[in-house]
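Right, one structure below, let's go through it.
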Amino acid sequence: MATTFEPGNVLMGPCEVYYGLQGLNTLEPASGAINEAPAASAWDHMGGTLGDVTLLVQPTFTPLTIDQIPDEADQQMTGRVISLAIPLAEVTLKNLARASMGTYSGTPETGENFKLTSGPQAFRQPAVKLLMDGFAPDPSGLFRRRRLVLRKTKNTGGLSLVYGKATQQTLANVFNVFYFKKDIEPLEAWDAPLAA
Numbered sequence: 006m007a008t009t010f011e012p013g014n015v016l017m018g019p020c021e022v023y024y025g026l027q028g029l030n031t032l033e034p035a036s037g038a039i040n041e042a043p044a045a046s047a048w049d050h051m052g053g054t055l056g057d058v059t060l061l062v063q064p065t066f067t068p069l070t071i072d073q074i075p076d077e078a079d080q081q082m083t084g085r086v087i088s089l090a091i092p093l094a095e096v097t098l099k100n101l102a103r104a105s106m107g108t109y110s111g112t113p114e115t116g117e118n119f120k121l122t123s124g125p126q127a128f129r130q131p132a133v134k135l136l137m138d139g140f141a142p143d144p145s146g147l148f149r150r151r152r153l154v155l156r157k158t159k160n161t162g163g164l165s166l167v168y169g170k171a172t173q174q175t176l177a178n179v180f181n182v183f184y185f186k187k188d189i190e191p192l193e194a195w196d197a198p199l200a201a
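Start counting at 1 in the sequence shown, then tack on 5, and there's your number in the working numbering.
What follows is the structure in structure tokens.
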């Protein structure tokens with residue numbers, strides 16, 4: 006049997022990440038044709054990245070064993086961690102607040118403020134939705150895009166900000182994905198042509 010390959014299914018390239026401005030209540034875009042950017046009233050572009058944006062789905066399996074046989078009888082999935090790592094090149098105070106679960110206020114035009122949350126509210130991080138838009142396999146040449154929605158996330162990574170003569174700053178963000186609702190998947194992706 007001859008082996009065939011579809012070059013249009015091979016991918017490389019950056020993506021865009023958007024932050025839900027209404028937390029878990031942010032209205033998701035429809036799953037049809039993917040627009041250039043989701044509604045600005047609901048989604049905030051997180052800016053340029055420096056390095057790979059990485060989606061990781063890591064299941065945990067526990068062996069099922071029987072005393073009378075040496076091999077594992079099976080394995081049962083007993084947990085799963087889903088995360089999205091986003092190295093942001095734009096080190097704005099808004100992104101600093103997102104990377105540390107702090108608070109942000111103001112505008113670039115009038116002045117901005119970042120505060121690291123303290124007191125009891127620091128223990129209750131708000132959950133947010135994230136969108137990730139990137140290239141999709143495209144054997145038909147229609148310029149298809151892939152959109153991922155992560156429905157309940159919290160930034161669980163640490164914060165490191167380096168000032169150096171020859172060191173470009175980045176803000177490392179690791180958003181873990183959590184259980185949302187019984188009939189709503191925590192992560193969903195679709196491929197579609199770019200909307201006109």
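Glycine included, C-beta positions come from ideal geometry on N, C-alpha and C. As the structure is a computational prediction, the values presented were derived from the model and not from experiment.
C-alpha gap between residue i and residue j, whole angstroms
| i | j | result |
| --- | --- | --- |
| D79 | Y184 | 26 Å |
| Y23 | M51 | 6 Å |
| K159 | N118 | 21 Å |
| R149 | T9 | 22 Å |
| P12 | R129 | 47 Å |
| L16 | P144 | 11 Å |
| V58 | G162 | 14 Å |
| Q63 | V179 | 14 Å |
| L166 | T83 | 36 Å |
| L217 | Q27 | With the chain represented from 6 up to 201, any question about residue 217 goes unanswered, as that position is not in the structure. |
| A132 | L29 | 6 Å |
| I74 | P68 | 13 Å |
| A194 | V154 | 6 Å |
| Q126 | A141 | 40 Å |
| S36 | P43 | 12 Å |
| A7 | K187 | 44 Å |
Residue-level contact to chain B via CB, residue i, 9 Å cutoff
| i | result |
| --- | --- |
| T59 | Any reference to chain B falls outside this structure, which holds one protein chain only. |
Residues bridged to residue i (per DSSP)
| i | result |
| --- | --- |
| A197 | R150 |
| S110 | N118 |
| G169 | T172 |
| F180 | L89, N160 |
| K186 | I189 |
| L155 | L135, L192 |
| T31 | Partner(s): none; T31 has no beta bridge. |
| I39 | L199 |
Residue span of the beta strand (DSSP E) that contains residue i, given as start and end
| i | result |
| --- | --- |
| K134 | 133 to 140 |
| L60 | 59 to 69 |
| A90 | 79 to 93 |
| N100 | Premise fails: N100 lies in the alpha helix (DSSP H), 98 to 105, not in any beta strand (DSSP E). |
| G25 | 21 to 25 |
| F10 | Unbroken run through F10: none, as it is neither H nor E. |
| D49 | 48 to 50 |
Own chain partners of residue i with C-beta closer than 8 Å, once the 5 adjacent residues on each side are dropped
| i | result |
| --- | --- |
| Q173 | L55, A94 |
| T122 | M106, G107, T108 |
| A171 | none |
Residues near residue i by beta carbon distance below 7 Å, same chain, minus five either side
| i | result |
| --- | --- |
| I39 | D138, R150, R152, A197, L199, A200 |
| L103 | According to the sequence shown, residue 103 is Arg rather than Leu. These residues qualify, in order along the chain: Y24, N160, N178. |
6 Å CB neighbourhood of residue i in its chain, flanking five on each side removed
| i | result |
| --- | --- |
| K134 | G25, T31, R156 |
| E21 | D138 |
| P92 | T54, L55, G56, T175, A177 |
| L61 | S88 |
| S110 | N118 |
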